[in-house]
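**Q** In this text, residue positions in the sequence shown follow the working numbering: the first is 291, and each later residue adds one. Cβ atoms here follow ideal geometry from the backbone N, Cα and C, with glycine treated the same way. Every value quoted in this text rests on a predicted model; they were computed, and no experiment measured them. I have a structure here, written as C-alpha cells, and I will follow up with some questions on it.
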Amino acid sequence: MLKTRSGVTILGSADDPRLAAEFKKMLGAAKKEKLDRQQDSYKQRLLSRQESY
C-alpha cells in the first residue's frame with residue numbers, strides 16, 4: 291500500500307511493476323506541472339518588467 295502526498299492511497303505491493311510505472315507517471319506529471327508553473331511565472335515577471343519601462 292502506498293500513500294501519496296495528496297493523501298491518495300494506492301493498493302498493491304511496492305514491488306508491483308505496474309504500480310511502479312503508474313507512480314513514475316504521476317511523479318513525472320507533477321514535475322512537469324511544477325516546471326510549467328515556474329516558466330509561466332518567469333514569463334509573467336518578464337512581461338511586467340517590460341511594461342514598467
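Hey, could you find the ends of the alpha helix (DSSP H) Asp306 is sitting in?
**A** Annotation: Asp306 is outside any alpha helix (DSSP H) and is labelled neither H nor E by DSSP.
**Q** Give me the Cα-Cα distance between Tyr332 and Leu317, rounded to the nearest whole angstrom.
**A** 23 Å
**Q** From the DSSP output, in three-state form, read off Ser331 for me.
**A** helix
**Q** Going straight from the alpha carbon of Gln334 to that of Glu312, what length do you get?
**A** 33 Å
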